[in-house]
Each structure stands twice: as structure tokens, then as C-alpha cells.
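Trainee: In this text, residue positions in the sequence shown follow numbering that gives the first Met the number 0: the first is 0, and each later residue adds one. One structure, pasted below without further comment.
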Amino acid sequence: MNRTMTTKLTSSSFQLMNSSCRRYCFVAMLVFVPLVLLSTAYAVSPAPDGGYPNGNTAEGDYALADLSSGAKNTAVGAGALFSDFTGNNNTALGEEALFYNTASANTATGYQALFSNRSGTENTATGFDALSNNTTGSQNTAIGVRALHLNSTANGNTAAGWEALSSNTTGNGNTASGSQSLYNNTAGNSNTATGLDALLSNTTGDNNTAMGLAALENNTTGGGNTATGLNALLFNTTGSSNTATGVEALLHNDNGINNAAFGVDALASNSSGGDNTASGTVALFSNTTGNDNTATGFEALYNNTIGTDNTAGGFQALFKNTTGNNNTASGKGALANNTTGGNNVALGLGAGSNLTTGSNNIIIGANVVGNSSDANTTRIGNATQKKTFIGGISGKTVANGVGVIINANGQLGTVQSSARYKTAIKPMDKASEALLAFKPVTFRYKEELDPDKIPQFGLIAEEVEKIDPDLVVRDEEGKVSTVRYEAVNAMLLNEFLKEHRKVQEQAATIEEMKRQMAGLAKGLKEVTDEIGDSQISAAVEAVRFNPSF
């Protein structure tokens, strides 16, 4: 029976065939069937109907109606495999399943499943209208009502669920599992969607993976995205190369690229920001357009919106940062209150947590919280640290270096001597005379400080305090700690200069006296010369012979 079908054959179309043809067929069957029964023996009685040559099985009105040389086909249902002429190894179960098929190795189960397939091979369709428009596509698997419904020439797709991949026409290598997953995909390739409405709106986007209810639901052309979890990357449309794992991770991302979010609501508000990484529940939650941020930990960088190049590791690290850039915080609550400050580094539990808007700070140590006004400041450690060791210093000479000092709060610095740093400058005069009351001593430090008990030289700070309180340094508890030896040195210089001036004055006096003595000697000599030696001799003789003189 040869027919050319241009539209779907329905039950009513069968009834419109002219009655004369049906009568001839009926007569032929009355003649042919008894002959077959006479020549064939069956193991069961009565013998099964539907058996045809070449291992074909047909059951139902016009099933395998056009079969010629095809072999090992099974058609069950009215019009099943109706147009199959030479196709082999096909299985059609359901009315008009594989209706137009002429190819081989297809399996269709359900009303009009693989209805339009002509030359496509190795397809499997299970469900009402599954793969019903497929013509030349091969190696597709559709399970569910209208799964891969519009697929025509695409290959290697797998759809499981109601209307999964229903709109796909030319997209290849897609996998959809769940009702309406990848529903609107037309030409997108190599996508994987698992879950109700996963990748629902994807049309031409490629290489996307969505696992979870509504994951990547609104993606249209974005490619290379991975979404795992309820509503993950839900509003992404054209953004590419994003990875979201967790409920509503990267929820609002629209066209941002190269983002990675791991955790519930991680990067949930991101819209166009790119190259961000958020790992932890609500990490980088408020980020919208900020780029190149990395947040690891619950609520890390939670309030960041447009800040860029920030790195936060730890519970609520950089929690309040909004627009600050280039910050690095590692530790629970590190830089937690920073909002707009930039170029800060905080390492340790609560490190820098008092900073708000200051920039260029380095804070290292647990609970080294810093001050809200800090800027361009370095803080390392706190009062709990009792010793500090820094390599690369001892034995290393710096020819033009200066000494480093420390105040009671642990702040390091150097003594500045330039006039531009000073005010109320006047001579030291008698202020240095306090040194004359000092009592230098020799001593040894206690064993816990110096086990070797090396002899030391210096002053006792408590005694110095009694003489000049400004020459001592106190610790964080207000107790006298040490002497300002650098000031003592300047005072010693003043006293030395004062004594030096005295010596100079004395030397000048002596020189003047020498000059005067020389003058006297010279005058005396002149007088002596005028009197003459003879007169002197006569006078001497007179004295010698006249005792009354």
C-alpha cells in the first residue's frame, strides 16, 4: 500500500478512504490469511496476530502501512510507523508514533512521538508529542510530554520532563531534566539543565549547566555558566562564564562575567560586576557592579556595592565595606566597619575593626582593632605580646640610619630635629643643670630579663623622675618605665658646652695675664736699661758698706 503523506494522518482520515478499496483489501485478506495459516505452525494457540516478514511486528490500523524492505520494526498503534518503507529496527508504540519515519533504530512511545521523523536515526522519544517535529536529527532522547517537541535537525540532545527542551530546533548536545527545563532553547549547544524551569529562557547560549529549581531560568544568550541550587543565577541573561552554587547564588546577575559564588545568596545582588569570587552564605551579598573582589566566609564583604579589588576571608570580614577599594582582610571581623577606606591590610581576629574611612593602614594581630581615625598607620600586635623578634636587623649596618624610639602606646618613630617640626625654640641654658643631680649607677638586669647578668650602666628612672619628670617615659599603665636618654644626651652636650665656654674664658684670661706679665717684664727691662749697670752697682756697694740702709 503506497501513500504520499503531507499532513498528519488522523483517525478521521482513515475513515475517509473510499469504501471500494477497503472491500478489495478485505477480500484479499480472506484469501491470503487462510493460506498463511495452512503453511505456518505456531507454538501457541491461537497464533498471535501482527506478525509480518523480516521480523516486523505491526498492531493497529495502518501500522507499518508502507513497509517494503524494512526489517525488525515494531509498530503498535493506529498509524504507527505508517510511512516506514525501508527503515529497520524501529519501535513505535502509540497512535501515529514515528508516522513519517523512513530511517532506522528509532524508538517512539506515545501519541505522535517522533511523528515527523524522516531520516533521523537512533532517537528515543517517550511521551505525548515527544520529538514530534524531529526530521533529520539523530541520537536524541526525549522523555515527557512535548519533550524536544520542536527539535528538527539537532543531534545528541536528552530531554526528560514535561516540555523539556520543547523549543529546541538546531541546538546540539543539550541535556534537560525537569519540567520545562531548557524550554526555550532553540540553537544553544552543550547545555545541561536539571530541575523545574532550569535554563527555561535559554535560546542560543552554549555550554551552560543549571541544576536546581529555576536555576539560570532567565538566561538567554549567556554561555559557559554553571548554576547549582534553587534560583541560582536566576536573572542572568547574557552574562557568561559565571559559577553559582547555592540557593539564590548570583541571583540577580544579569550580564556580569567570570563570577564565582558558592553559598546561599552569595553575590545575590550582583548585576554587572565581573571577576568576583564569593564563598560563604551571603558573601558579597550586596555587590552590584564591583569587580575583582574575593570574599570567603559568612557575610564577608556583605555590604560591598561597587568597591573593587577587595579580598575578605573570615566571618564578616570587610562586612560594611561599600565603595572601598584594594582592601585585604583576613580573620573574623577583620576590617568589619570599614566603609570607604582603601588600600588597607588587616590580618587577624577583629584586626582593624575600628577603622571606618581611613586608608593605607596595615593592621596585624588578633584584636588589634586600631582607631577610627587611623590613616597611613601600621599596627602590629598588642599588649599581650611581650617579645618581638625581627630577622635581618641585628648585625646589619646602615651608615646613614637613625635610632628608632617607642612611646608608651607602642608607637615607633624617630626623633626629628629639623626646625620645620619645632616651635618655641630657645636656648637650653640652665635647664640641663638637672643632670648634675643625677646619680649614674652600674647594675644588672633581673635574671628573667638577662640570664647572663651582663653589667649595665645607666640611671634609675624613679630617681630621675624626682629631679625632672619630663625625662622619664611611662608604660601603658602610667608607671615609670625608662629614661629619655636621647634627651639626656642633648642636656649633657649643653653642660659640656657651658663648661667648654668656661674653659675658653679661663684660657682667654690666662692669655691676657700672660700678655700683661710680658708687658711688665718688658717695662722693667727698659727701666733697668736706662739706669744703667754702673748706677746699680754703686747703689749696691753703698748699701753693702752702709748698714743703715
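We put the CB at the ideal spot given by N, CA and C, even for glycine.
Distance, Cα to Cα, Ser278 vs Gly477?
Mentor: Start at 1 with the first residue of the sequence shown, and residue 278 comes out as number 279. Start at 1 with the first residue of the sequence shown, and residue 477 comes out as number 478. Each residue's Cα considered, the two are about 46 Å apart.
Trainee: Does DSSP put Asn495 in a helix, in a strand, or in coil?
Mentor: Locating residue 495 in the sequence shown gives position 496, counting from the first residue. The sequence given here places Phe at residue 495; Asn does not occur at that position. Helix, per DSSP.
Trainee: Counting along the chain, where does the beta strand (DSSP E) carrying Glu461 start and finish?
Mentor: Working through the sequence shown from its first residue, we reach residue 461 at position 462. No beta strand (DSSP E) holds Glu461; the alpha helix (DSSP H) holding it covers 460-466.
Trainee: If we ignore side chains and look at the alpha-carbon of each, how far apart do Ile530 and Met512 end up?
Mentor: Within the sequence shown, numbered from 1, the residue matching residue 530 stands at position 531. Within the sequence shown, numbered from 1, the residue matching residue 512 stands at position 513. Cα-Cα distance, rounded: 27 Å.
Trainee: Any idea if Thr106 is buried or exposed, counting beta-carbon neighbours within 10 angstroms, 16 or more meaning buried?
Mentor: The residue given as residue 106 occupies position 107 in the sequence shown. Buried: at least 16 other Cβ atoms inside 10 Å.
Trainee: Helix or strand or just coil, what does DSSP make of Asn53?
Mentor: Counting from one through the sequence shown, the residue named residue 53 turns up at place 54. If DSSP states are grouped into helix, strand and coil, Asn53 belongs with the helices.
Trainee: Could you pull out every unbroken beta strand (DSSP E) segment of at least 3 residues lying fully inside the region 335-401, listed in chain order?
Mentor: As far as the region 335-401 is concerned, its whole beta strand (DSSP E) runs of at least 3 residues are 344-346, 361-363, 377-379.
Trainee: What separation, rounded to the nearest whole angstrom, lies between the Cα atoms of Glu475 and Glu461?
Mentor: Reading the sequence shown from its first residue, position 476 is the one you call residue 475. Reading the sequence shown from its first residue, position 462 is the one you call residue 461. Roughly 16 Å between the two C-alpha positions.
Trainee: Could you please give the first and the last residue of the uninterrupted beta strand (DSSP E) stretch that includes Met210?
Mentor: Numbered from its first residue, the sequence shown carries residue 210 at position 211. Looking at the DSSP string, the run of the beta strand (DSSP E) that includes Met210 is 208-210.
Trainee: Roughly how many angstroms lie between the CA atoms of Asn53 and Leu149, to the nearest whole one?
Mentor: Translated into positions along the sequence shown, residue 53 becomes position 54. Translated into positions along the sequence shown, residue 149 becomes position 150. Roughly 33 Å separates the two Cα atoms.
Trainee: Straight-line CA distance for Tyr420 to Phe297?
Mentor: Here residue 420 corresponds to residue number 421 of the sequence shown, with the count starting at 1. Here residue 297 corresponds to residue number 298 of the sequence shown, with the count starting at 1. Cα to Cα, Tyr420 sits roughly 47 Å from Phe297.
Trainee: Buried or exposed: Gly400, going by 16 or more other Cβ atoms within 10 Å of its Cβ?
Mentor: Taking the first residue of the sequence shown as 1, we reach residue 400 at position 401. Its Cβ having fewer than 16 others within 10 Å, Gly400 is exposed.
Trainee: Whole angstroms is fine: what's the gap from Ala335's alpha carbon to Gly369's?
Mentor: Working through the sequence shown from its first residue, we reach residue 335 at position 336. Working through the sequence shown from its first residue, we reach residue 369 at position 370. Those two C-alpha atoms are separated by around 12 Å.
Trainee: Residues in its own chain within less than 8 Å of Asp264 by CB, not counting five upstream and five downstream?
Mentor: As a first step, residue 264 must be located in the sequence shown, where it is residue number 265. Taken in chain order, the residues that qualify are Gly245, Val246, Glu247, Ala248, Leu250, Thr280, Val281, Phe284.
Trainee: Within 10 Å of its beta-carbon, does Asp528 have 16 or more other beta-carbons around it, so buried, or fewer, so exposed?
Mentor: As a first step, residue 528 must be located in the sequence shown, where it is residue number 529. Classification for Asp528: exposed.
Trainee: So which of Ala316, Leu317, Asn235, Asn343 has the shortest CA-CA distance to Asn325?
Mentor: Within the sequence shown, the letter at position 326 stands for residue 325. The shortest C-alpha separation from Asn325 is found at Asn343.
Trainee: With a threshold of 6 Å on Cβ separation, who are the neighbours of Phe556 within its own chain once the five nearest residues in sequence on each side are excluded?
Mentor: For the chain, the structure presents residues 0 to 548; residue 556 sits outside this window and is missing.
Trainee: Decide if Glu432 is buried, meaning its Cβ has at least 16 other Cβ atoms within 10 Å, or exposed.
Mentor: Here the question's residue 432 lines up with position 433 in the sequence shown. Burial call: exposed.
Trainee: Out of curiosity, what's the CA-to-CA distance linking Ser38 and Tyr51?
Mentor: By one-based count along the sequence shown, residue 38 stands at place 39. By one-based count along the sequence shown, residue 51 stands at place 52. Residue confidence for Ser38 is low, a pLDDT of 39 falling below 50, so the modelled location carries little weight and cannot support an answer.
Trainee: Helix, strand or coil for Leu434 per DSSP?
Mentor: As a working note, residue 434 is residue 435 in the sequence shown. Correct three-state label for Leu434: helix.
Trainee: For Ala520, verify whether its CB is less than 7 Å away from any heavy atom of the ligand MG.
Mentor: Because no ligand of any kind appears in the structure shown, any question about the ligand MG cannot be addressed here.
Trainee: Suppose the cutoff is 8 Å on Cβ atoms and the five residues either side in sequence are ignored; what does the same chain contact list for Asp451 look like?
Mentor: Taking the first residue of the sequence shown as 1, we reach residue 451 at position 452. So no residue of the chain qualifies.
Trainee: Apart from the five residues just before and just after Ser165, which ones in its own chain have a Cβ nearer than 6 Å to its Cβ?
Mentor: Stepping through the sequence shown from its first residue, residue 165 is reached at position 166. Cβ neighbours of Ser165 beyond the five flanking positions: Arg145, His148, Tyr182.
Trainee: Hey, is Asn218's beta-carbon within less than 8 Å of any beta-carbon in chain C?
Mentor: Within the model displayed, chain C is absent; a lone protein chain is all it includes.
Trainee: Between which two residues does the beta strand (DSSP E) carrying Val281 extend?
Mentor: Indexing the sequence shown from 1 puts residue 281 at position 282. Looking at the DSSP string, Val281 is not in any beta strand (DSSP E), and its letter there is neither H nor E.
Trainee: Report the partner residues of Ser176 according to the DSSP bridge assignment.
Mentor: The count along the sequence shown starts at 1 and reaches residue 176 at position 177. DSSP lists Ala159, Thr193 as partners of Ser176.
Trainee: Let's test the definition: count the other Cβ atoms within 10 Å of the Cβ of Tyr444 and tell me whether it reaches 16, buried, or not, exposed.
Mentor: Taking the first residue of the sequence shown as 1, we reach residue 444 at position 445. Exposed.
Trainee: Determine which residues share a DSSP beta bridge with Gly312 and list them.
Mentor: Counted from its first residue, the sequence shown places residue 312 at position 313. Answer by DSSP bridge pairing, in chain order: Thr295, Ser329.
Trainee: Excluding five sequence neighbours on each side, which residues of the same chain lie with their C-beta closer than 8 Å to the C-beta of Asn230?
Mentor: On the sequence shown, position 231 is the one that residue 230 refers to. Here the set comprises Gly211, Leu212, Ala213, Ala214, Glu216, Val246, Glu247, Leu250.
Trainee: Taking the beta strand (DSSP E) that Leu232 falls in, what are its first and last residues?
Mentor: On the sequence shown, position 233 is the one that residue 232 refers to. First-last for Leu232: undefined, no H or E at that position.
Trainee: Taking the C-alpha atoms as reference points, what is the distance between Asp196 and Phe261?
Mentor: Here residue 196 refers to the residue found at position 197 when the sequence shown is read from its first residue. Here residue 261 refers to the residue found at position 262 when the sequence shown is read from its first residue. Approximately 21 Å, taken between the alpha carbons.
Trainee: Give the range of the beta strand (DSSP E) segment to which Gly409 is assigned.
Mentor: The sequence position of residue 409 within the sequence shown is 410, counting from 1. Note, Gly409: premise wrong, no beta strand (DSSP E); not H, not E.
Trainee: May I have the straight-line CA-CA distance separating Asp60 from Ala77, to the nearest angstrom?
Mentor: Within the sequence shown, numbered from 1, the residue matching residue 60 stands at position 61. Within the sequence shown, numbered from 1, the residue matching residue 77 stands at position 78. Their backbone Cα atoms lie some 4 Å apart in a straight line.
Trainee: So what's Gly457 in DSSP terms, helix, strand or just coil?
Mentor: The residue labelled residue 457 in the question sits at position 458 within the sequence shown. Looking at Gly457 - three-state DSSP - the assignment turns out to be strand.
Trainee: By DSSP's criteria, Ile404 is part of a beta bridge. Which residues make up the other side?
Mentor: Indexing the sequence shown from 1 puts residue 404 at position 405. Ile404 is bridged to Gly412.
Trainee: If the criterion is Cβ atoms closer than 8 Å, does the pair Asn89 and Ser103 meet it?
Mentor: Taking the first residue of the sequence shown as 1, we reach residue 89 at position 90. Taking the first residue of the sequence shown as 1, we reach residue 103 at position 104. Closer than 8 Å, so yes.
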